[in-house]
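S.K.:
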Amino acid sequence: MPHHEVVEIKKQILKEGLTEHTSVETLGCEGKNLGPCSGPNRQRDLCTFCTISLDQEEVFRTKVFDKSLSPFYGEDFYFEIPRPFQCLSFYVFAKGVFQRDLPVGKVSIRKEELCKFSGKEHWFGLQPVDPNSEVQVGVSQTVFRHLYVIIECQGLPLISGQNCDPYATVSLVGPARFDQKKTKVKKKTSDPQFEETFYFEVNVIYIWQLMASQYLLQPKGNGKSKTDDLGSLRLNVTYTEDNVLPSACYTPLRTLLLKSPDIKPISASAAHILGDICRERYEAVLPVVRLLLHHSRLVSFVSAIAALELENTQEANTIFRGNSLATRCIDDMMKIVGRSYLTVTLKPVLDEICESNKTCEIDPIKLKEGDNVEVNKENLQGYVQKVFSSITQSSSSCPPLMCDVFRSLRQLASKRFPDDPHVQYSAVSSFVFLRFFAVAVLSPHTFQLRPHHPDLEVSRTLTLISKTIQTLGSWGSLSKNKLVFKLTVPMSSLYLFYYREVQKRAQGRKRIGKNFKKRWLRVTNRELSYHKHRGKEALCIMPVKNIRAVEKLDLSAFNRKNMFQVLHSEKPLYVQAGNCVEASEWVEVLSQVSRCNPDRLGTFHPSAYLAGAWLCCRSLSDSQPGCKPCTPTLLANLQLDIDCDRETERIFSLFTSSYSKLQKMEDACASIAVYQGPPREQDDYSLFTIQDSKETFHTVRQITHILKELQSEHDTRSGTAQYGSQ
């Protein structure tokens, strides 16, 4: 079975050698007529925000939308799902000023229904939020003459940060009787396994409910709520579920894709054909970029497709301004390898902008009473100068891969427009400023440069700065100011900042669950530290070079979810993150910055050493080597930490879903070259880039053959093959 990094999905083995991975992407959330339709609770100046939750665990939230009953949040979120789940939920909250945020309503989509809504926009009616029913419970039952019920629970919420003591009751309600039976109490767990059998003299259960320490998890629900009064939510959710085969199954497709940079012309390569037939699907490019990136084939492929695009570019001032395969590949490449670069370049100045909160509004229509436009203009100019200086002085921190791509673009642009001395710089600035830095300034939370959405006034300031950076980033402005942004210097010392509030357990203590304290955890590429308050002096500093492993911690250790451990030269540091996504991000970041350490461990203990023994293997020695292999990490750059089997499976799925277009391309090639017959109507192949029909036809036939072989493997391993067939 192939290994998957801890930040990817380790969900379950469906059949031998078949692993399932899941991810979710949400696009453009919008509300309509939020809140009660009438009565004293109607709030016309409602300030709302939306959260995304896996079951009842919040993983993302939107910015606050000010004073509107029909807000357009318009934000995109993509995340891997690091654990089994039952529901994906969206909650709308009214922002409280002097009190806690109040729930307006929710939309909950069960996992098995996600595929039905995936990839399409839907309006969902908001349902009321009942705090007594915010748990999904699994019940399996079989009805015979005497009914028996076996009950288990999963994912019960923490109460005051601790697991509860749940038990279950089963009630039989009839016209003339009421019978109730109760399970044993399970101590300190969120996933109780009751496995108890209850017998009744009838074969129908009318009502069942679960209780946990007097906490009602699922009420009987005697009344009906008026769901139409709460408004509705428009969502575009894409749910992806990949069943990954053993690595050997993907060798033919992977080999064909990795040959793409060498194919002449490049339009006849498998990677380019995928981009051609999935032109309207933006997500089609990412798995190709990741696969080529892992195998050090991306620069040569991007250079080839950029050269093809330049052949069709007639004017130098429009270079790389469209949404082409080349620009999409470079966009995805910058997002993958440039995140740390953004952090070291922009985070300090963005922190200053967000925390100083100076007004920068220069639009006379939007000025508030008492605002001085000249002062605001000075504030804006000062911020823009700081941001722009940070960018132009950051060449030594630019990742080598980005430098290689931009160097190639400069050479190609100069060759295509030899009479224009400035085109080599505009070819680069169109990506660096317009598609990279300006976007990060506009939405810093999207790139983990800020922990939360900025407020409305700061958001307006960032918008003005971003627009100015886009203008300055064009070659016309750069040339006038004699500024040239050179991206050819190799990367020097790169700092990676990651700053979040977590629960930290003091090291070496013996008491369980009583010595966890909230601390701010901060990591750079040199040190890991924790602080009592953000920005204050560190309570403890741990050199990154001393980190020997970073692994997730079993629930059995402290009865707390979302925990991980940092193993270093002294005693382990145990940390509880805010949610499962955040825990995975911490493990990923810490693993990356310490991956080249010479003293990394080969094994670790997945639980804690308490009461004189390891809870996982029961060994009595606290110096006993680990009982479980550490998660392997590649001693390479961050951009190489990629699951190639999963990316190849995604490419297979994309080819399969666009199979009809692939056949049209094959027919177009055959019409032009193979059969030497009269050419078909231009509309049959005008959407395809066919420079060499014979070479393209040959590649398409190879792809078709490989797709059939892979589909056969899936059918066999998923159990859908017909009984008795080979």
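Per this note's numbering, the very first residue in the sequence shown carries number 4; after that it's consecutive. Backbone N, C-alpha and C define an ideal beta-carbon position, used for all residues, glycine too. The model shown is predicted, which means the values in this text are computed figures rather than measured ones.
1) Between which two residues does the alpha helix (DSSP H) harbouring Phe304 extend?
2) Do the stretch 554-568 and the stretch 609-619 meet, that is, are 3 or more Cβ pairs less than 8 Å apart?
3) Can you list, in chain order, the residues of its chain whose CB lies under 6 Å from that of Leu641, leaving out five sequence neighbours each side?
4) Is the shortest distance between the beta-carbon of His571 and the beta-carbons of chain B less than 7 Å?
5) On the DSSP letters alone, give me the boundaries of the alpha helix (DSSP H) that Ile269 sits inside.
6) What does DSSP give as the partner residue(s) for Val592 in the beta ladder?
7) Throw me the rounded Cβ distance for the Val569 and Val553 pair, which I believe falls under 8 Å.
8) Taking one C-beta from the stretch 419-427 and one from the stretch 302-321 each time, how about it: are there three or more such pairs within less than 8 Å?
9) Where does Ser587 fall in DSSP's three states?
10) Using CA coordinates, which residue listed in Thr65, Ile84, Arg410 is at the minimum distance from Phe96?
11) So what's Asp69 in DSSP terms, helix, strand or just coil?
12) In angstroms with no decimal places, state the Cα-to-Cα distance between Tyr253 and Phe655.
13) How big is the Cα-Cα spacing for Asp168 and Val188?
14) Below 8 Å on the Cβ atoms is my guess for Leu105 versus Gly234; work out the distance and round it to an integer in Å.
15) Can you name, in chain order, every residue of its own chain whose Cβ lies under 6 Å from the Cβ of Thr186, other than the five neighbours on each side?
16) When you compare only the Cα positions, how much space is there between Val62 and Met566?
17) Kindly indicate which residue of Ile472, Met405, Tyr428 has the alpha-carbon position closest to the one of Phe436.
18) So for Arg453, helix, strand or coil by DSSP?
19) Hey, quick one: how far does the beta strand (DSSP E) through Gln414 stretch, first residue to last?
20) Can you grab the Cα-Cα spacing for the pair Val140 / Gln59, in whole Å?
21) I believe Gln694 touches Ser270 by the beta-carbon criterion, under 8 Å. Please report the beta-carbon distance rounded to the nearest angstrom.
22) Under the assumption that Leu248 contacts His717 (Cβ atoms under 8 Å), give the Cβ distance between them as a whole number of angstroms.
23) For Val288 versus Cys332, is the C-beta distance shorter than 7 Å?
24) Across which residues does DSSP place Lys35 in a beta bridge pair?
25) Should the stretch 457-464 be regarded as contacting the stretch 356-375, the criterion being three or more beta carbon pairs within less than 8 Å?
26) Nearest-angstrom Cα distance between Gln451 and Phe434?
27) Would you call the stretch 337-347 and the stretch 437-449 in contact, with 3 or more CB pairs under 8 Å?
28) Where do the ends of the beta strand (DSSP E) carrying His701 lie?
29) Do Tyr2 and Lys70 have their C-beta atoms within less than 7 Å of each other?
30) Label Ala274 either buried or exposed according to how many other C-beta atoms from any shown protein chain fall within 10 Å of its C-beta, with 16 as the threshold for buried.
31) Straight-line CA distance for Asn320 to Ala580?
32) Considering just the uninterrupted stretch of the beta strand (DSSP E) at Ser532, what are its terminal residues?
33) Does the distance from the CB of Thr348 to the CB of Ser398 come in under 7 Å?
M.R.: Based on what the coordinates show:
1) Its alpha helix (DSSP H) spans residues 301-314.
2) Look at the beta carbons and you see the stretch 554-568 touching the stretch 609-619: at least three pairs across the two are nearer than 8 Å.
3) A caution first: Leu641 carries a pLDDT of 44, below 50, which makes its placement in the model too unreliable to give a value.
4) The question asks about chain B, but that chain is absent: this structure has only one protein chain.
5) For Ile269, there is no enclosing alpha helix (DSSP H), as DSSP marks it with neither H nor E.
6) Within the DSSP bridge table, the entry for Val592 names no partner.
7) Rounded, the Cβ-Cβ distance is 6 Å, consistent with contact.
8) The answer is yes - the stretch 302-321 touches the stretch 419-427, with three or more Cβ pairs under 8 Å.
9) Ser587 falls in the helix class under three-state DSSP.
10) Comparing Cα positions, the closest option is Thr65.
11) DSSP places Asp69 in the coil class of the three-state scheme, outside both helix and strand.
12) Distance between the alpha carbons of Tyr253 and Phe655 is about 9 Å.
13) Cα to Cα, Asp168 sits roughly 6 Å from Val188.
14) Incorrect: roughly 14 Å between the Cβ atoms, too far for contact.
15) Cβ contact annotation for Thr186 (same chain, cutoff 6 Å, sequence separation greater than five): Tyr170, Ala171, Phe197, Glu199, in chain order.
16) Per the coordinates, the alpha-carbon of Val62 lies some 15 Å from the alpha-carbon of Met566.
17) Sorting Ile472, Met405, Tyr428 by C-alpha distance to the C-alpha of Phe436 places Ile472 at the top.
18) Three-state result, Arg453: coil.
19) Not the beta strand (DSSP E): Gln414 falls in the alpha helix (DSSP H), residues 403-419.
20) Interpretation of Val140 is limited by its pLDDT of 43, a score under 50 that renders its predicted location unreliable; the figure taken from the coordinates is listed afterwards. Whole-angstrom Cα-Cα distance: 12 Å.
21) The C-beta distance from Gln694 to Ser270 rounds to 5 Å, short enough to meet the 8 Å contact threshold.
22) Sure, about 7 Å apart at Cβ, within 8 Å.
23) Going by C-beta atoms, Val288 is nearer than 7 Å to Cys332.
24) Lys35 is bridged by DSSP to Ser235.
25) By the C-beta criterion, the stretch 457-464 is judged to be in contact with the stretch 356-375, since at least 3 inter-stretch pairs fall below 8 Å.
26) The alpha-carbon atoms of Gln451 and Phe434 are separated by roughly 20 Å.
27) At 8 Å Cβ cutoff, the stretches touch.
28) It is not in any beta strand (DSSP E) - His701 instead sits in the alpha helix (DSSP H) that spans 696-721.
29) Any answer about residue 2 is impossible in this case: the structure gives the chain only from 4 up to 729.
30) It is buried - the Cβ of Ala274 has at least 16 other Cβ atoms within 10 Å.
31) Rounded to the nearest angstrom, the two C-alpha atoms are 48 Å apart.
32) Note, Ser532: beta strand (DSSP E), 530-534.
33) Not in contact: Thr348 and Ser398 (Cβ atoms no closer than 7 Å).
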